[in-house]
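Sequential numbering of the sequence shown, starting at 319, is according to our numbering.
Don't be surprised by glycine CBs; every beta carbon is placed ideally from N, CA and C.
Down below is the structure, laid out as structure tokens.
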Amino acid sequence: MTYWYLTKGLMPFYVSIWSLTGTQNYRFYGTMFGVVGVLEASSQTYQAYRASNLLPRAGMNALIVGLLVTNCWTTAGIQLFLRKSPALERVVTLMCDALLNVGMMIVVPLIIFIPYIEAFNFEYSIFKNFDVLYDSVPLATMVLENRLIFASSLFDFATKLIPHLSTFLALVTLKMPPDFQRFENLVMFHLYNSTIVNWDAESSVSATAHTRLLSVLVGKTQMAEFPAGLLQPLPASLMSVQFSETNLTKLPDDLYVRWHAMAMISFENGILTEIPYQMFFSPVYTLSLMGNQIETLPTLAMMPP
């Protein structure tokens with residue numbers, strides 16, 4: 319999922335781009351989200367029906383139904399109240415959807431299963447209370463509740479899997495669109511948990527288009543090479559460029575020429591094994607290479623005293 323941090327007057331808001339094949343197809347967002355929503359609600363309705371048959375606890379059944387109803391109505395409510403801010407509406411909808419999915423598919427099973435873990439003696443591989451296995455009521459309850467937690471058929475497995483997948487459907491490969499240069503009020507650009515397929519000069523961070531940009535952060539992102547979109551003339555306002563947990567194995571030799579003086583440049587927690595000595599010519603206040611696989615810096619010997 320890619321969020322672009324923008325400003326509109328004094329209030330910040332977010333733009334989330336979610337598509338079938340990349341960010342250029344974001345016009346299909348509404349259709350795609352609607353299809354996913356129907357599948358998700360259908361699968362959770364089936365799980366709520368199974369819970370009504372298998373769970374003897376009325377409180378747990380009420381919680382499941384409450385989460386299901388909330389999940390169905392929050393989307394409509396958010397779209398109604400935030401209809402004038404489509405970008406904010408998308409982000410809030412996705413966040414609420416993800417939180418409700420976590421509650422339905424993770425929190426509820428944990429509430430059911432944790433008491434059995436606490437009642438089990440792992441040292442002797444037996445329940446601490448022997449009556450659990452010999453009393454028909456707790457034994458039947460345990461069997462039924464575990465049937466709800468674990469998949470009992472392929473169809474049941476699919477309905478359990480759909481809500482989990484819907485949480486991660488937005489994590490698509492990123493092909494940066496040329497429209498990126500239309501964001502004239504961009505202040506912070508954070509690219510997180512993505513795979514960059516293409517980020518060329520036509521969709522670059524631009525000195526003329528992004529005159530208010532202060533920070534660029536690329537985190538937990540895969541790329542075949544250093545993005546060309548960050549090798550063009552950068553905005554004079556830019557104060558920091560940060561890479562964290564990427565798969566970059568080498569850095570361009572001419573970054574010190576391409577990038578102007580900044581407060582911070584960092585390439586942290588990656589897999590870099592060497593740094594071009596030209597990097598130390600960069601007119602930057604803080605240069606951080608923490609958490610890489612650099613053992614020695616022989617290139618420092620090539621630097622003038």
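The segment 446-465 and the segment 501-518 do not touch, with fewer than three beta-carbon pairs separated by less than 8 Å. Shortest Cα-Cα distance from His578 to any of Phe475, Pro404, Ala369, Leu532 involves Leu532. Measuring C-alpha to C-alpha distances from Asn610 to each of Gln596, Ser584, Pro601 identifies Ser584 as the nearest. In terms of Cβ geometry, Gln362 and Met413 do not form a close pair [threshold 7 Å]. With 16 or more neighbouring CB atoms inside 10 Å of its own CB, Val410 falls in the buried class. Distance between Pro456 and Ala416, taken at the CA atoms: about 33 Å.
When beta bridges are read from the DSSP output, Tyr510 appears opposite Gly537. Contact between Ser555 and Glu586 does not hold, since the beta-carbon distance rounds to 23 Å and is not under 8 Å. Here Glu441 is exposed: its Cβ has fewer than 16 other Cβ atoms, across all protein chains shown, within 10 Å. Between Leu462 and Leu607, the C-beta spacing is not below 7 Å.
The beta carbon of Tyr574 lies closer than 6 Å to those of Gln596, Phe599, Ser600 in the same chain, with the five residues before and after it left out.
Ile583 carries a strand assignment under DSSP once its states are collapsed to helix, strand and coil. The residue among Gln499, Gln365, Val383 with its C-alpha nearest the C-alpha of Trp517 is Gln499. DSSP, reduced to helix, strand and coil, places Gln499 within a helical segment of the structure shown.
When the five nearest sequence neighbours on each side are left out, the beta carbons in the same chain lying within less than 8 Å of the beta carbon of Ala469 are those of Phe475, Lys478, in order along the chain. Beta bridge pairing from DSSP links Phe561 with Val536, Phe585. Take the alpha-carbon of Leu590 and the one of Ser524: they are about 27 Å apart. Taken through DSSP and simplified to helix, strand or coil, Asn464 comes out as helix.
For Tyr603, the enclosing beta strand (DSSP E) stretches over residues 602-606. Ranking Thr393, Thr392, Ser370, Ile396 by CA distance to the CA of Ile382 puts Ser370 first.
By a beta-carbon distance limit of 8 Å, Lys538 does not contact Val515. Their separation comes to about 16 Å. Annotation: Phe448 is outside any alpha helix (DSSP H) and is labelled neither H nor E by DSSP. Short of 6 Å from the beta carbon of Leu535, and not among the five residues preceding or following it, lie these beta carbons of its own chain, in chain order: His508, Gln560. Just measuring C-alpha positions, the residue of Ser512, Met557, Ser471, Leu357 sitting nearest Met580 is Met557. Nearest C-alpha to Leu386 among Ser471, Val353, Pro481: Pro481. Beta-bridge annotation (DSSP): Asn439 is paired with Ile444.
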